[in-house]
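Under the working numbering, the first residue of the sequence shown is numbered -3, with each subsequent residue one higher.
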Amino acid sequence: MIIISLLPIPLRIAALTQERNSLFDYPVERLAGIIRDIGFRCTSCAKCCTRTFNGHVFLLDRDVSVVKARDPAALEPAPAPEFCDQNGIFYVSGYALRTQDDEGGSCWFLENGRCRIYDHRFTICRIYPYMLHREADERGNIDWRQFSGLDQHGEYGAVISAGESLDLAREAKEYENAFLTQEIQFLECIQEYFTRYRLRHVQKVYDDRLRRFNRGDEIDVMVYYDGRLEKHRIRK
Ligand code: SF4
């Protein structure tokens, strides 16, 4: 598998489209079988709702719309922007959930170990720890990965019905499709925007600005949302 982030934009779009085609071909029954074999049950330990355990929670556009309506302060530009132009402005493919300033970096919506919007939680929160994407293992072999954090949270061996496992598998596959589609649309938007305003990605500017950001400087980040770019000025 190629490292997509190193390719020019048209080739990145082609590679992600190929990934999405592979996803379409993956039989949902196979994922449902894996879900039944693992038999994961959540024990409400809330580990997966922290930055320490999970890095960040990336939001699909439809989830961002919910947060904007409910509590816009819960949004922040997703980390690791994909591009930085010659003027030092960063570009990232979406928003992430903000975390709190506590030791583990609890999700904005986590309160006393419980999700305070549980009935309205986001797509990724509903399907986690299931997933369906290809990545390299510790030996560099590329294969499908269907579960996150095996034996690090929850309990195993529960009986999961065929119906429940199929529903979960369909939702996980649908999430990955929506994620890849959003990434492709972001790249198409950047391609058009950079051409229109004669911009280009400059890795040296990216590295310099990021270094300064990590030392406390403000940076401007354009966040892709709903087919357009929204500007934010952020400080670490
Ligand atoms: S929104 Fe709720 S379920 Fe999702 S990460 Fe935050 S606390 Fe956890």
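Idealized CB from N, CA, C, for every residue including glycine.
Checklist line | Residue span of the beta strand (DSSP E) that contains Q142, given as start and end | finding: From DSSP, the beta strand (DSSP E) with Q142 extends over 138 to 143.
inquiry  = Using 8 Å as the threshold, is the C-beta distance between L195 and Q82 below it?
reply    = By the CB criterion at 8 Å, L195 and Q82 fall inside the cutoff.
### Query
If Y87 and M218 are in contact, beta carbons under 8 Å, what's the gap, nearest whole angstrom?
Contact holds; Cβ gap of about 5 Å.
Q.
Nearer than 7 Å: is that true of the beta carbon of R117 relative to any heavy atom of the ligand SF4?
A. At least one heavy atom of the ligand SF4 sits closer than 7 Å to the Cβ of R117.
query = Does DSSP classify Y203 as helix, strand or coil?
reply = For the record, residue 203 in the displayed sequence is Asp; it is not Tyr. D203: helix per DSSP, three-state reduction.
| message | Taking 7 Å as the limit between beta carbons, can you name the residues of its chain near R26, skipping five residues before and five after? | response | If you ignore the 5 residues before and after R26, its C-beta comes within less than 7 Å of no other C-beta in its own chain.
*Separation of D204 from T191, as counted between CA atoms*: If you draw a straight line from the Cα of T191 to the Cα of D204, it comes to about 23 Å.
query = Quick one: is N137 buried, meaning 16 or more other Cβ sit within 10 Å of its Cβ, or exposed?
reply = Looking at its Cβ environment, which holds fewer than 16 other Cβ atoms inside 10 Å, N137 is exposed.
In whole angstroms, what separates the C-alpha of V198 from that of L206? Looking at the two C-alpha atoms, the distance is approximately 12 Å.
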